[in-house]
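Peer 1: Using full-length UniProt numbering, the first residue of the sequence shown is number 1, and each one after it goes up by one.
For each residue, glycine too, the CB sits at the ideal point set by N, CA and C.
Can you read through this structure? Questions will come right after.
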Amino acid sequence: MAAADELAFHEFEEATNLLAETPEAATTSRSEQLTPQGHVAVAVGSGDSYGAEDEVEESDKTAVLDRIRGSLLPRPGHNFVRHRLRNRPDLYGPFWICATLAFVLAITGNLTLLLAQRRDPSIHYSPQFHKVTVAGVTIYCYAWLVPLALWGFLRWRQGVQERLGPYTFLETVCVYGYSLFVFIPTVVLWLIPVPWLQWLFGVLALALSAAGLVFTLWPVVREDTRLAAAVLLSVVVLLHALLALGCKFYFFQPLPPAHVAPPPRATALPPSILLPPTSPWSVATPDGRSLQAQHERTLLPALPTLRP
């Protein structure tokens, strides 16, 4: 027993000395040495995978917010596709921007009528749920069909002008989707019942959104002829203006004029009430005198003077 204890103590002492000389060395137990060959122990770290997913999700949110800021503050010479998208277009931002804009349009359109009814009880308000469908179809069709037509036109012009390099379809959809974000706060501000202030907010939002589109498309169309570039950019701005005006006039319809009380009607008196008889001689003339007094004044001078 003493010999066994002495051997065990010396083995432990040698291992301690080895660890002291090489701290980075790792020791293996005898059970690990007896592990059959061909078996590999794998350690799974669950925390690392969740951390990587969180980092990817955080980076995606940061990219979306950065693209929204870029659409709100367009600058000449600052290409949205090259500086914001960076060849990584997404559909997450455009999809939720269009959905939010459609719901905000429908809700604010109903709130406008509800607030008007509080000011004027003669206005009848009823919930208009169909506006949600109209807003959704209009916004999504505009955000997909117009970029598709624009992308097809630029592809066709690429065959005419070899130096013309259009964006991809997803990049064009991203540009249009993020350009609509500025209308979301504008629609909320349209609840202010001041017409000139509503038009001011609308013009400002249209200018910012259209400027972002023009600054983004200009590097592509500038290689084309001046006429084609001018016509294309004019059509882009015109369609954007028609969308803004259509939303303004349909979802924020001008309210009817204030209710005016009708003039009082003459009511017939019941037959039981009799008016006192009036003599025709007591009717007043325009000069304020009675008809009887005026008649006597005109007839008395013409009568002969009677002498006794």
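1. State the Cα-Cα distance for the pair V132 and V187, rounded to the nearest angstrom.
2. Could you tell me the distance, in whole angstroms, from the CA atom of T100 to the CA atom of I139?
3. Measure how close the beta-carbons of Y178 and I68 come, nearest whole angstrom, since I'm counting them as under 8 Å.
4. Along the chain, where does the alpha helix (DSSP H) containing R119 start, and where does it finish?
5. Find the nearest neighbour of N110 within the set A102, G93 and F129, judged by alpha-carbon distance.
6. For P94 and V173, which I take to be in contact (beta-carbon distance under 8 Å), what is that distance rounded to the nearest angstrom?
7. Since R226 is in the alpha helix (DSSP H), which residue starts that stretch and which ends it?
8. Cα separation between I184 and G202?
9. Indicate the three-state DSSP secondary structure (helix, strand or coil) for A2 in the structure shown.
10. Is it right to say L91 is buried, meaning 16 or more other beta carbons lie within 10 angstroms of its own, or is it exposed?
11. Alpha carbon to alpha carbon, what distance is there between G152 and L208?
12. Which residues in the same chain as N79 place their Cβ atom closer than 8 Å to its Cβ, once the five residues preceding and following it in sequence are excluded?
13. Contact defined as beta carbons within less than 8 Å: I believe A241 pairs with L206. What is the distance between those atoms, to the nearest angstrom?
14. Got a sec, what are the start and stop residues for the alpha helix (DSSP H) I192 sits in?
15. How long is the line joining the alpha carbons of P147 and Y176, rounded to whole angstroms?
16. Does H83 come out as helix, strand or coil in the three-state DSSP assignment?
17. To the nearest angstrom, how far is the alpha carbon of R82 from that of Y125?
18. Quick check: A135 and A106, are their CB atoms within less than 7 Å of each other?
19. Does the separation of the CB atoms of G70 and R86 fall below 7 Å?
20. If we ignore side chains and look at the alpha-carbon of each, how far apart do A211 and L200 end up?
21. Which of the three DSSP states is assigned to V182 in this structure?
22. Figure out for me which residue from P127, V104, R157 and I97 has the closest Cα to the Cα of L232.
Peer 2: In this structure, then:
1. The residue you call residue 132 lines up with position 132 of the sequence shown. The residue you call residue 187 lines up with position 187 of the sequence shown. About 14 Å.
2. For the purposes of this step, residue 100 is taken as the residue at position 100 of the sequence shown. For the purposes of this step, residue 139 is taken as the residue at position 139 of the sequence shown. Each residue's alpha carbon lies about 10 Å from the other.
3. In the sequence shown, counting from the first residue as 1, residue 178 sits at position 178. In the sequence shown, counting from the first residue as 1, residue 68 sits at position 68. With 8 Å as the limit, Y178 and I68 qualify as a contact, their Cβ atoms being about 6 Å apart.
4. By 1-based counting over the sequence shown, the position of residue 119 is 119. First-last of the alpha helix (DSSP H) with R119: Y92 to R119.
5. Along the sequence shown, read from residue 1 onward, the residue named residue 110 stands at position 110. Nearest of A102, G93 and F129 to N110, Cα basis: F129.
6. For the purposes of this step, residue 94 is taken as the residue at position 94 of the sequence shown. For the purposes of this step, residue 173 is taken as the residue at position 173 of the sequence shown. Confirmed, Cβ separation roughly 6 Å.
7. As a working note, residue 226 is residue 226 in the sequence shown. Counting along the chain, the alpha helix (DSSP H) containing R226 begins and ends at R226 to F251.
8. In the sequence shown, residue 184 corresponds to position 184, counting from 1. In the sequence shown, residue 202 corresponds to position 202, counting from 1. Between I184 and G202, the C-alpha separation is close to 11 Å.
9. Numbered from 1 along the sequence shown, position 2 holds the residue referred to as residue 2. Since pLDDT at A2 reaches only 49, below the 50 mark, its modelled position is unreliable, and the value read off the structure follows with that caveat. Reduced to three states, the DSSP call for A2 is helix.
10. The residue you call residue 91 lines up with position 91 of the sequence shown. Label assigned to L91: exposed.
11. Along the sequence shown, one-based indexing puts residue 208 at 208. Along the sequence shown, one-based indexing puts residue 152 at 152. Those two C-alpha atoms are separated by around 25 Å.
12. Your numbering for residue 79 matches position 79 in the sequence shown. For N79, where only same-chain residues beyond five positions count, the Cβ hits under 8 Å are F215, T216 and P219.
13. On the sequence shown, residue 241 is found 241 positions in, with the first residue counted as 1. On the sequence shown, residue 206 is found 206 positions in, with the first residue counted as 1. Confirmed, Cβ separation roughly 6 Å.
14. Position 192 of the sequence shown, counted from the start, is the residue given in the question as residue 192. Neither: I192 is in no alpha helix (DSSP H) and is coded neither H nor E.
15. Your numbering for residue 147 matches position 147 in the sequence shown. Your numbering for residue 176 matches position 176 in the sequence shown. The alpha-carbon atoms of P147 and Y176 are separated by roughly 7 Å.
16. As a position in the sequence shown, residue 83 is number 83, starting the count at 1. Helix, per DSSP.
17. The residue labelled residue 82 in the question sits at position 82 within the sequence shown. The residue labelled residue 125 in the question sits at position 125 within the sequence shown. Rounded to the nearest angstrom, the two C-alpha atoms are 48 Å apart.
18. Position 135 of the sequence shown, counted from the first residue, corresponds to residue 135. Position 106 of the sequence shown, counted from the first residue, corresponds to residue 106. Their beta carbons are under 7 Å apart, which means A135 touches A106 by this criterion.
19. Along the sequence shown, read from residue 1 onward, the residue named residue 70 stands at position 70. Along the sequence shown, read from residue 1 onward, the residue named residue 86 stands at position 86. Contact: no.
20. Position 211 of the sequence shown, counted from the first residue, corresponds to residue 211. Position 200 of the sequence shown, counted from the first residue, corresponds to residue 200. Taking the straight line joining both Cα atoms gives about 16 Å.
21. As a working note, residue 182 is residue 182 in the sequence shown. The answer is coil: DSSP assigns V182 none of H, G, I, E or B.
22. If you number the sequence shown from 1, residue 232 lands on position 232. When only C-alpha atoms are compared, the closest one is R157.
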